[in-house]
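Note sheet for the following structure.
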Amino acid sequence: MKCIFILLCILGYAWSETCSSASSECRHTTCDSTSELHCIDGFCTCTTAHSVRCTSLQDCLNVADWDCTQNRRHCIDNLRFRRLKIGYYHIKKNQKDSTFQGRHRPKTIKTYGKPLSKGQTFLPNMTLRYVRNPGPMKIVQEVDCQQIIEGKDDYIAHVSELMKEMEYTFLSDSEIEELAMNCDKFLNTFDYNRFIVSQIELDFPIAYSILTYKDVVQTEKLLRAIYRPHNVYCIHVDRSSGLSLHNAIKAISKCLSNVFVASTLEDVIYEGYSRLKADLNCMSDLLNYSDVNWKYLINLPSQEYPLKTNSEIVKVLHTLNGTNSIESYYYEATHYRINQTYQENYKTSKLELTGEIKAPPPHNVTVAKGSAYGTFSRRFVEFALRNPKARDILKWTEDTLSPDETFWATLAFNKNLGAPGIQYSASGVPNPKSWITVGVMWQSKGPTREVCHGIKLSGQLHICAIIKQPYLSIS
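For the sequence shown, the working numbering gives the first residue as 1, with consecutive numbering after it.
Take a look at the structure:
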């Protein structure tokens, strides 16, 4: 979990050079030729040379992703001027920090409108909701994320040592549940009213399927990072997870009208069909969700984190123009997954090999390999869940290993199935360049770091590489 703080540098959540009054104090902040450097509300900030003057937040409506400064002088880029609540933390004994001492709860942020409650409908012409985006919250005053992003080895080594002196204590599942029992308190504490969105975003709602089985605090952080009131979110909670996790997610969903728990929950077994079924349950619910006419669906595990803002994601999806981002390729080395049958053992929570030979797939398809995650157009989701041939293939995958990594890929790989929105290369296979959904840093690549399920956790050493990636999220 401590690596989340470092990853926040990517989006500019946790760094901005401080100043008292004059821009001459800003020695480490540089602006491009189209911007001017100012000291605004105590932080060094780049503004456009012809930035919009304002007296209130309303004056910045036509400036995408911008906000009006506290002193009401001009609109600034709020993507760089935003606070993200990290949670509880404390500093080891004898470790000095001029910004924070001891344990601190997040402060309540002033809001410019009440959140939608359950039962309210978000209309396309509805007035946007606003909140003042306060300055970045630094856990460690000395950390300059810009130097990390630029890949300066000496500074990265310094930060690595500095982070060893920090300990983090995050909210427990039951504490988040208790907080979410009071929706106003929950929404204000975690800033669910802080968003300024453009009309382009409002016209392009997105559906999300999120799978979680532990750590409500991490699930909530992901939800908060991708949340917008005009999108829709389905959360599948592993049926075998603890009661505190179930209760906390339910409490959160009751506070947000466009967030709900999947109607059918699976007891998910790693590499089993239940993992794919969990996503399918959410996808079915999202297709039946009538309040939001979403254009694309993105499925995520709760351990991922976005690399782009909602505005940037919408721009990417506009570029896809109805096509999908599905990883799909032929890989003979994985045929052991489909040549024999497997069964889920709910007593041991493991997938077991039966030893029986698996029958060939239906409709003479070639079984492909890919990611369990993707960016799917609405038409593709409808095809995957309702097309007779797609359903035959889905049924066939039930006793295979990791069908979540073959089902989407197989639908995309076989052109004769007619799956909508697939870009094929000249050789007739799905175009690998269309894969932009999620980037994964594996254990075998790069410097040694903490590892979970063989997947590398993002840290200081990887930010320089991560920031250049085209993916929507990182695992």
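Cβ atoms here follow ideal geometry from the backbone N, Cα and C, with glycine treated the same way.
Between Q303 and S475, the C-beta spacing is below 8 Å. Taking a C-beta distance under 8 Å as the contact criterion, I422 and P432 do not qualify as a contact pair. Annotation: Q423 is outside any alpha helix (DSSP H) and is labelled neither H nor E by DSSP.
The region 400-413 and the region 380-390 touch, with no fewer than 3 CB-CB distances between them shorter than 8 Å. Contact fails between the region 167-184 and the region 261-281, because fewer than three Cβ pairs, one in each stretch, are under 8 Å apart.
Between the region 397-411 and the region 335-352 there are three or more inter-stretch CB-CB distances shorter than 8 Å, so the stretches are counted as touching.
Between the beta-carbon of L300 and that of M283 there is about 13 Å, and that puts the pair past the 8 Å contact cut.
With fewer than three CB-CB distances shorter than 8 Å, the region 194-203 does not count as touching the region 151-159. Counting of Cβ neighbours within 10 angstroms places Y373 among the buried residues, the total reaching 16 or more. For C145, the enclosing alpha helix (DSSP H) starts and ends at C145 to I149. Out of V316, L394 and A419, the CA that lies nearest to the CA of P470 is found in V316. CA-to-CA, the gap between T406 and C19 works out to about 53 Å.
When only Cα atoms are considered, A207 and I235 end up about 11 Å apart. At a Cβ-Cβ threshold of 8 Å, N345 and E356 do not count as neighbours. Contact between P362 and D392 is confirmed by a C-beta separation of about 4 Å, below the 8 Å threshold. In this structure, the CA atom of E327 is about 8 Å from the CA atom of K369. Here DSSP, grouped into helix, strand and coil, assigns Y342 to strand. L300 is bridged by DSSP to I210. Here E352 carries a strand assignment [DSSP, helix/strand/coil]. Residue pairing by DSSP puts I235 in a beta bridge opposite I210 and V261. In this chain, the alpha helix (DSSP H) harbouring F383 covers R378 to R386. Closest option to N281, judged by alpha-carbon separation, among R386, G322, N193 and V143: R386. Taking a C-beta distance under 8 Å as the contact criterion, N231 and N258 qualify as a contact pair. In the three-state DSSP reduction, P432 falls in the helix class (H, G or I). Looking from the CA of D404, the closest CA among Y273, V143 and K221 belongs to Y273.
Pairing K277 with V261 gives a Cβ-Cβ distance that is not under 8 Å. Inter-residue distance for R228 and C255 is about 14 Å (C-alpha atoms, whole angstroms). Per DSSP, the continuous alpha helix (DSSP H) segment holding W408 begins and ends at F407 to F413.
The Cβ atoms of L286 and S209 sit closer than 8 Å to each other.
The closest CA to that of Y330, considering only T319, K347 and T366, is found on T366.
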